[in-house]
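S.K.:
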Amino acid sequence: GSNMMGLELGMYIKANKDKIGVIIICDKQDEPLKEKVYLSNMDECLVKPFGSRELVLKVQRVLMSQQVANTKDKRNILRLRYIEYDLDKRVVVCNGERLTLRRKEMKLLEYFLRNQGKVVTRDELLTNVWGAEINSSTNTVEVHLKRLRDKIEKPYGEKFLYTIHGIGYLAE
Numbered sequence: 024g025s026n027m028m029g030l031e032l033g034m035y036i037k038a039n040k041d042k043i044g045v046i047i048i049c050d051k052q053d054e055p056l057k058e059k060v061y062l063s064n065m066d067e068c069l070v071k072p073f074g075s076r077e078l079v080l081k082v083q084r085v086l087m088s089q090q091v092a093n094t095k096d097k098r099n100i101l102r103l104r105y106i107e108y109d110l111d112k113r114v115v116v117c118n119g120e121r122l123t124l125r126r127k128e129m130k131l132l133e134y135f136l137r138n139q140g141k142v143v144t145r146d147e148l149l150t151n152v153w154g155a156e157i158n159s160s161t162n163t164v165e166v167h168l169k170r171l172r173d174k175i176e177k178p179y180g181e182k183f184l185y186t187i188h189g190i191g192y193l194a195e
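Position 4, counted from 1, in the sequence shown is what my numbering calls 27; the numbers after and before it change by one each time, with no gaps.
(1) If the criterion is Cβ atoms closer than 9 Å, does the pair residue 103 and residue 194 meet it?
(2) Which residues does DSSP list as the beta-bridge partners of residue 108?
(3) Looking at residue 125 and residue 170, is the spacing between their C-beta atoms short of 9 Å?
(4) Can you give me the start and stop residues for the beta strand (DSSP E) that residue 179 sits inside?
(5) What are the boundary residues of the alpha helix (DSSP H) that residue 128 is part of?
(6) Hey, would you say residue 59 sits closer than 9 Å to residue 30, going by beta carbons?
(7) How is residue 67 classed by DSSP in three states: helix, strand or coil?
(8) Three-state secondary structure (DSSP) at residue 144?
(9) Assuming residue 58 is part of the alpha helix (DSSP H), what are its boundary residues?
(10) Just mark residue 44 as buried or exposed, buried being the case when its beta carbon has 16 or more other beta carbons within 10 Å.
(11) Mind checking residue 188: buried by the 16 CB within 10 Å criterion, or exposed?
(12) Could you have a look at residue 195 and say whether DSSP puts it in helix, strand or coil?
(13) Contact defined as beta carbons within less than 8 Å: I believe residue 144 pairs with residue 191. What is the distance between those atoms, to the nearest angstrom?
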């Protein structure tokens, strides 16, 4: 019946969206469904009738367990189409291939990935990637951008970094 559909939906959600907590609501009389819920990987089972306090406590318990699970496996990864940058491991992967980038290229890529879809000016790059260590009249930004493009775009026949003439750069 419709109760089994609820369990099937819950199981689909848990299989495909592991970060979502699922609480199944069962009838007190439906022993086979209650057993299936407890044997499945659902987070909680609420048996009708139930009070609002019980509902709140079950939701809080699910949210708490979600937070614990999320902090355990939260990997710090920035993504843009074919580019994946694992900030914790300091590893850049393009189309499944691990790349070797210099420190500044990594910082530059990280800045673009954090600001994807937004036009970034040359001055912004100087301030946020190089800080006070550089003279703004040098062509350092352009040199590093060319190196980054040579490593991340050319080998893959891809483009992620666009020059917006007279304004700056756009990663998308």
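Where is the CB? At the ideal position from N, CA and C, for every residue including glycine.
M.R.: Let me spell this out:
(1) In the sequence shown, counting from the first residue as 1, residue 103 sits at position 80. In the sequence shown, counting from the first residue as 1, residue 194 sits at position 171. Between residue 103 and residue 194, the C-beta spacing is below 9 Å.
(2) In the sequence shown, counting from the first residue as 1, residue 108 sits at position 85. According to DSSP, residue 108 shares a beta bridge with 101, 115.
(3) Sequence index remark: in the sequence shown, residue 170 carries index 147 (1-based). Sequence index remark: in the sequence shown, residue 125 carries index 102 (1-based). Remark: C-beta atoms of residue 170 and residue 125 approach each other more closely than 9 Å.
(4) Translated into the one-based positions of the sequence shown, residue 179 becomes position 156. Run containing residue 179: none; DSSP gives neither H nor E here.
(5) In the sequence shown, residue 128 corresponds to position 105, counting from 1. Here the alpha helix (DSSP H) through residue 128 covers 126-137.
(6) Numbered from its first residue, the sequence shown carries residue 59 at position 36. Numbered from its first residue, the sequence shown carries residue 30 at position 7. Contact: yes.
(7) The residue labelled residue 67 in the question sits at position 44 within the sequence shown. Taken through DSSP and simplified to helix, strand or coil, residue 67 comes out as strand.
(8) Taking the sequence shown and counting its residues from 1, the one referred to as residue 144 is at position 121. Correct three-state label for residue 144: coil.
(9) If you number the sequence shown from 1, residue 58 lands on position 35. Taken as a continuous stretch (DSSP letters only), the alpha helix (DSSP H) holding residue 58 covers 54-62.
(10) For this step, residue 44 is matched to residue 21 along the sequence shown. Buried: at least 16 other Cβ atoms inside 10 Å.
(11) Locating residue 188 in the sequence shown gives position 165, counting from the first residue. Exposed is the label assigned to residue 188, since fewer than 16 other Cβ atoms lie within 10 Å of its Cβ.
(12) For the purposes of this step, residue 195 is identified with residue 172 of the sequence shown, where counting begins at 1. In the structure shown, residue 195 adopts coil according to DSSP, grouped into three states.
(13) Along the sequence shown, read from residue 1 onward, the residue named residue 144 stands at position 121. Along the sequence shown, read from residue 1 onward, the residue named residue 191 stands at position 168. About 4 Å; that satisfies the 8 Å criterion.
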